[in-house]
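Every number in my numbering is 11 more than the matching position in the sequence shown, counting from 1. Ideal Cβ placement from N, Cα and C applies to all residues, glycine included. Predicted model, so just to flag it, every value in this text is computed and none were measured. The structure under discussion appears below in the form of structure tokens.
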Amino acid sequence: MRGNRGFTLIELLVVIAIIAVLIALLLPAVQAAREAARRAQCVNNLKQLGLAAQNYVSTYDVFPMQCNYPTSETQDSGFSWSWAVALLPQFEQGVLFDSMNFHMGNYGLQVTTAGYTQVASLLCPSESIGQRPGYPWGTISYVGNYGGPGQIRAYSGTIVPPKDLALNGSIGVQGWGGGAGMVRISSITDGTSNTAVFSEHLIGLGVNASVATMTPNSKDAKRVIFPGADASGVGTGAAGALAAARACQALPVTMTANATASAYLGYNWLLGYPTHVCLINYMHVAPPNSLHCGNAGDIPYVQFVGPTGSAAANSNHAGGVNVALADGSVRFVKDSIGLPVWWALGSRDCGEVVSSDAY
12 MRGNRGFTLI
22 ELLVVIAIIA
32 VLIALLLPAV
42 QAAREAARRA
52 QCVNNLKQLG
62 LAAQNYVSTY
72 DVFPMQCNYP
82 TSETQDSGFS
92 WSWAVALLPQ
102 FEQGVLFDSM
112 NFHMGNYGLQ
122 VTTAGYTQVA
132 SLLCPSESIG
142 QRPGYPWGTI
152 SYVGNYGGPG
162 QIRAYSGTIV
172 PPKDLALNGS
182 IGVQGWGGGA
192 GMVRISSITD
202 GTSNTAVFSE
212 HLIGLGVNAS
222 VATMTPNSKD
232 AKRVIFPGAD
242 ASGVGTGAAG
252 ALAAARACQA
262 LPVTMTANAT
272 ASAYLGYNWL
282 LGYPTHVCLI
292 NYMHVAPPNS
302 LHCGNAGDIP
312 YVQFVGPTGS
322 AAANSNHAGG
332 VNVALADGSV
342 RFVKDSIGLP
352 VWWALGSRDC
362 GEVVSSDAY
């Protein structure tokens with residue numbers, strides 16, 4: 012008679028080891044598939060914003076302003092209504108838009124119906140921070156294109172402040188004009204397929220004690236704002252822009268973040284301000300997934316990155332960021348993109364020629 016043959020200990024251990032290896036191989040694949048799905052949803056969100064901007068242009072003949080100031084007739088929080096508010100009716104959020112009392116200001120109990128609402132299409136699914144930085148106010152992952160380097164030409168993008176406001180010496184931006192004002196399709200002489208409208212950035216950490224000690228090498232360094240490290244001012248051209256971009260990528264390891272300003276990254280999707288770029292805009296200075304950096308030449312009270320600083324587009328997507336272009340398409344732009352090409356995508360009418368295979 013034959014006896015029943017069971018597994019030996021060695022065979023059992025081999026089987027367990029094989030299963031462990033298979034699981035180890037499977038988990039990254041599952042995680043990659045999930046991130047691919049999240050990235051696809053992020054592309055869809057930006058596509059919605061891009062189409063909303065097209066609808067806005069069809070209705071009003073201009074792209075939405077970066078901000079609208081003053082806020083109201085009776086109350087003024089110091090901030091103004093953002094471009095996101097202007098676009099609400101264009102991406103099926105007309106009810107939220109109608110809930111706002113524009114005569115009563117944008118920061119208080121009179122606007123909590125809209126302000127406390129987290130609009131799903133304004134938040135990237137790959138965002139890993141669960142807590143809104145300005146809770147209970149709704150946050151935002153997507154940012155409007157403020158323009159290429161301010162050293163070459165400030166406000167050269169598509170989502171820019173009104174001209175009369177940007178040139179008003181009372182807010183400290185005298186001499187930073189040139190590109191501010193209404194942007195029409197006809198204003199984009201570089202071509203709508205070569206000019207960005209929206210991209211993305213990681214939301215901030217809110218009022219958090221750890222921000223005050225955060226350095227450029229910290230895990231969440233892309234979620235904060237670092238003070239100015241370069242003094243390249245207005246009108247210094249490509250050399251000044253290159254200096255600003257390099258300074259932002261090579262900050263001293265001992266430098267710590269601006270805790271007060273950093274708390275406002277993604278703080279409230281209702282709020283904008285002409286010289287506080289990081290609130291709801293980004294700039295084409297340093298390449299994608301760089302740090303947010305001020306500029307030592309900016310006026311002292313601009314802590315949220317001013318027109319000659321570097322408010323980067325960044326994300327949790329591996330290797331780059333999604334960018335919505337003025338023709339309504341969305342492209343994935345790699346971190347390794349050449350700076351001249353990245354600058355060219357940021358400007359609407361500076362005459363650069365961008366090849367379709369350059370990014």
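Suppose the cutoff is 6 Å on Cβ atoms and the five residues either side in sequence are ignored; what does the same chain contact list for residue i look like?
i: methionine 76; result: Pro173
i: tryptophan 353; result: His295 and Pro298
i: asparagine 56; result: Ser132
i: alanine 252; result: Pro160, Gln162 and Ile163
i: tryptophan 280; result: Ala95, Leu133, Gly149 and Ile151
i: arginine 143; result: Thr150
i: asparagine 112; result: Gln121
i: alanine 9; result: What is shown of the chain runs 12 to 370, which leaves residue 9 out entirely.
i: serine 110; result: Thr124 and Ala125
i: glutamine 185; result: Annotation note: pLDDT 41 at glutamine 185 (below 50); position unreliable, coordinate value reported separately. Excluding sequence neighbours, glutamine 185 sits near nothing in its chain.
i: leucine 213; result: Lys233, Arg234 and Asn325
Note down, in chain order, each residue of its chain lying with its Cβ closer than 7 Å to the Cβ of residue i, except the 5 sequence neighbours on either side.
i: valine 73; result: Met193, Val194 and Arg195
i: methionine 12; result: The pLDDT assigned to methionine 12 is 49, lower than 50, so where the model puts this residue is not dependable; a value taken from the coordinates is nonetheless given after this. Correct list: empty, nothing qualifies.
i: isoleucine 27; result: none
i: serine 137; result: Glu46, Arg49, Arg50, Cys53, Ser326, Asn327 and His328
i: glycine 283; result: Gln77, Cys78, Phe90, Ser91, Trp92, Ser93, Trp94, Leu290 and Ile291
Figure out for me which residue from the options has the closest Cα to the Cα of residue i.
i: glycine 349; options: Ala256, Thr226, Val288 and Val130; result: Ala256
i: proline 238; options: Pro285, Gly317 and Phe113; result: Gly317
i: threonine 224; options: Leu213, Ile214 and Ile236; result: Ile236
i: cysteine 78; options: Val54, Val154 and Thr70; result: Val154
i: alanine 369; options: Phe343, Asp360, Arg359 and Cys361; result: Phe343
i: threonine 206; options: Ser197, Thr271 and Ile214; result: Ser197
i: isoleucine 140; options: Arg49, Arg234, Thr169 and Asn66; result: Arg234
i: glycine 145; options: Asn156, Cys361 and Thr128; result: Thr128
i: alanine 335; options: Cys259, Ser204, Gly246 and Ser321; result: Ser204
i: tyrosine 67; options: Ser321, Gln260 and Ile170; result: Ile170
i: isoleucine 199; options: Asp360, Gly320 and Asp338; result: Asp360
i: glycine 339; options: Val32, Asn292, Leu36 and Gln59; result: Gln59
i: cysteine 3; options: Ala220, Ala31, Ser358 and Ser321; result: No answer is possible for residue 3: it lies beyond the span of the chain, which begins at 12 and ends at 370.
i: alanine 250; options: Pro285, Ala232 and Pro351; result: Pro351
i: aspartate 201; options: Leu216, Ser167, Tyr275 and Ser221; result: Ser167
i: serine 358; options: Pro285, Gly190 and Gly277; result: Gly190
i: proline 285; options: Ala165, Thr247, Leu33 and Leu62; result: Ala165
i: proline 147; options: Gly330, Ala64, Thr70 and Gly277; result: Gly277
i: tyrosine 275; options: Ala254, Val222 and Val32; result: Val222
i: alanine 254; options: Val218, Asn306 and Val25; result: Asn306
i: alanine 64; options: Glu103, Gly217 and Leu216; result: Glu103
Considering residue i, what are the terminal residues of the alpha helix (DSSP H) in which it resides?
i: arginine 342; result: Premise fails: arginine 342 lies in the beta strand (DSSP E), 341 to 345, not in any alpha helix (DSSP H).
i: leucine 107; result: 105 to 109
i: glycine 161; result: 161 to 164
i: tryptophan 353; result: 350 to 357
i: glycine 320; result: Neither: glycine 320 is in no alpha helix (DSSP H) and is coded neither H nor E.
i: alanine 232; result: Run containing alanine 232: none; DSSP gives neither H nor E here.
i: glycine 126; result: 123 to 126
By the DSSP assignment, the beta strand (DSSP E) with residue i in it spans what residues?
i: phenylalanine 209; result: 207 to 211
i: leucine 336; result: 331 to 336
i: valine 154; result: 153 to 156
i: tryptophan 92; result: 91 to 93
Excluding sequence positions up to five away, which residues of its chain have a Cβ less than 8 Å from the Cβ of residue i?
i: threonine 19; result: none
i: proline 227; result: Phe237, Leu262, Pro263, Val264, Met266 and Leu302
i: isoleucine 29; result: none
i: phenylalanine 108; result: Val96, Leu99, Pro100 and Ala125
i: asparagine 333; result: Arg50, Cys53, Val54, Leu57, Ser210, Glu211, Ser326, Val341, Arg342, Phe343 and Val344
i: valine 288; result: Tyr157, Met294, Phe315, Val316, Gly317, Pro318, Gly320 and Ala322
i: glycine 105; result: Leu99
Step through the CB atoms of chain B and report whether any lies within less than 8 Å of the CB of residue i.
i: serine 326; result: Here there is only one protein chain, and chain B is not present.
Mind the definition here: the stretch 287 to 302 touches the stretch 316 to 327 only if three or more C-beta pairs lie below 8 Å; say whether that holds. The answer is yes - the stretch 316 to 327 touches the stretch 287 to 302, with three or more Cβ pairs under 8 Å.
Report the residue ranges of all alpha helix (DSSP H) runs contained in full by the stretch 243 to 303; include only those spanning at least 4 residues, in chain order. Those alpha helix (DSSP H) runs which fall completely within the stretch 243 to 303 and span 4+ residues are 248 to 260 and 270 to 273.
Any chance the stretch 109 to 125 sits against the stretch 257 to 271, with 3 or more Cβ pairs inside 8 Å? The stretch 109 to 125, when compared against the stretch 257 to 271, does not touch it at the 8 Å Cβ threshold.
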